[in-house]
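Below is one structure; the comments refer to it alone.
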Amino acid sequence: MDIIEQAKEFENRKFSFKTTSDRILAAREAKDIILGVNEIYKKKKDQKLMDLMKRLTVIKQKIEKRLKGKPLTAA
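At position 26 of the sequence shown the residue is numbered 8 (this note's numbering), and the sequence of numbers has no breaks.
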């Protein structure tokens, strides 16, 4: 599958993670896709690719934020 098609499929996927390992795998997949799109962007300098990477990065950050959990407050 082409990396751009894979990125669009990942972006449109419904995320409902049951386990922490599902979240970890999704974050890793997002990172791999972003790096793949970045390699294409370096050659073509297409703004649409940059926008795609930005959208994927937001999704990846949400997944990672969910992985970290809530910070403990000092009492």
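The C-beta atom is built at its ideal place from N, Cα and C for all residues, glycine as well.
None of the values given here were measured: they were computed from a predicted structure.
Methionine 32 versus aspartate 14: straight-line alpha-carbon distance, rounded: Here residue 32 corresponds to residue number 50 of the sequence shown, with the count starting at 1. Here residue 14 corresponds to residue number 32 of the sequence shown, with the count starting at 1. So the alpha carbons of these two residues sit roughly 15 Å apart.
From Arg48, Ala8, Glu46, Lys26, residue whose alpha carbon lies closest to that of arginine -8: Locating residue -8 in the sequence shown gives position 10, counting from the first residue. In the sequence on display, residue -8 carries phenylalanine and not arginine. The candidate whose alpha carbon is nearest that of phenylalanine -8 is Ala8.
Option nearest serine -2 by Cα separation, candidates Val19, Gln29, Arg48: In the sequence shown, residue -2 corresponds to position 16, counting from 1. For serine -2, the nearest C-alpha among the options comes from Arg48.
Contact set for asparagine 20: own chain, Cβ-Cβ below 7 Å, skip 5 residues either direction: The residue labelled residue 20 in the question sits at position 38 within the sequence shown. For asparagine 20, same chain residues with a beta-carbon under 7 Å away, outside a window of 5 residues either side, are Met35 in chain order.
Whether alanine 12 touches leucine 38 by CB criterion (7 Å): Start at 1 with the first residue of the sequence shown, and residue 12 comes out as number 30. Start at 1 with the first residue of the sequence shown, and residue 38 comes out as number 56. In contact: alanine 12 and leucine 38 (Cβ atoms closer than 7 Å).
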